[in-house]
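Participant:
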Amino acid sequence: MRALGDATRRNIAQACATFARLPDAAEPSTLKRAAVVLALMASHDGDDTAFLLTKRASSLRAHRGQWALPGGRCDAGETPVEAALRELDEELALRLPVDAVLGLLDDYPTRSGYLITPVVVWAAESNAITPNPDEVASVHRISLDTIERDDAFDFTDIAESNRRVIRFHHQMSLIHAPTAALIYQFREVLAGRQTRVGDLEQPVFAWK
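Start counting the sequence shown at 37; every next residue gets the next number (the numbering used here).
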């Protein structure tokens, strides 16, 4: 168990600092920039460290009802870190300073035309979460122990691609890429492994 506290924050910050993030492409990407947040805080029982996972509101135009990390598209002139912190505030009313950021993971290109930057932040001192009902149907705290289980992730094949589809098993649900891929890389970073996830595939329903 990763007990919530300064020692865990330091350990995760060190793991993120040790992770050799892939450099940005030499040429500007044609993909739209986006950012998501791995926001770390107390688990439901308060003893363990967890990250926040949301279920998107059914009224949203794209990817309604799907599991997602908090986040969204970068506004013009916005960095991924700025976008991640803004989206966290807009979706969950968690307003964090820049020094809450512990690190960045690899950018992940999606089939729907986005380049997503995952931002790891420490939110343990934050006030109560207040989901924005226009964007978030529910919020869930996923213990880090959960993603470190041997059976937390699996891989499968689809006829439409020669890339492996990753799946994260959460309760009775299967969570797919990009969310599953980003969580998987975070799990690998915590373990000190330099594991790339850009070649992990999304299911066909997420291609649009």
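From the three backbone atoms N, C-alpha and C, an ideal C-beta is built for every residue, glycine too. Computed from a predicted structure; not experimentally measured.
According to DSSP, is arginine 46 helix, strand or coil?
Facilitator: As a first step, residue 46 is located in the sequence shown; it is residue number 10 there, counting from the start. Helix, per DSSP.
Participant: Looking at leucine 128 and leucine 88, is the spacing between their C-beta atoms short of 8 angstroms?
Facilitator: By one-based count along the sequence shown, residue 88 stands at place 52. By one-based count along the sequence shown, residue 128 stands at place 92. Cβ distance < 8 angstroms, so leucine 88 and leucine 128 count as in contact.
Participant: Round the Cβ separation of alanine 217 and isoleucine 202 to the nearest angstrom and send it over; I've been treating them as touching at under 8 angstroms.
Facilitator: Translated into the one-based positions of the sequence shown, residue 217 becomes position 181. Translated into the one-based positions of the sequence shown, residue 202 becomes position 166. Alanine 217 to isoleucine 202, Cβ: 5 angstroms. Contact.
Participant: With DSSP collapsed to three states, give me the class of phenylalanine 191.
Facilitator: On the sequence shown, residue 191 is found 155 positions in, with the first residue counted as 1. In this structure, phenylalanine 191 counts as strand in the three-state DSSP scheme.
Participant: Hey, glycine 139 and phenylalanine 55 are a contact pair by Cβ (cut 8 angstroms); roughly how many whole angstroms apart?
Facilitator: In the sequence shown, the residue the question calls residue 139 occupies position 103. In the sequence shown, the residue the question calls residue 55 occupies position 19. About 7 angstroms separates the two Cβ atoms, so the contact holds.
Participant: What ranges does the alpha helix (DSSP H) occupy inside the stretch 76-129, keeping only unbroken runs of at least 4 residues that lie completely in it?
Facilitator: List check, alpha helix (DSSP H) in window: 116-128.
Participant: Is there contact here, the stretch 141-151 with the stretch 64-73, by at least three beta-carbon pairs under 8 angstroms?
Facilitator: Touching, yes, given that three or more Cβ pairs across the two stretches are closer than 8 angstroms.
Participant: Can you say whether arginine 177 is buried or exposed, counting buried as having 16 or more other CB atoms within 10 angstroms of its CB?
Facilitator: Residue 177 sits at position 141 when you count from the first residue of the sequence shown. Burial call: buried.
Participant: Assuming aspartate 81 contacts alanine 39 under a Cβ cut-off of 8 angstroms, what Cβ separation, rounded to an integer in Å, is found between them?
Facilitator: In the sequence shown, residue 81 corresponds to position 45, counting from 1. In the sequence shown, residue 39 corresponds to position 3, counting from 1. About 11 angstroms; that fails the 8 angstroms criterion.
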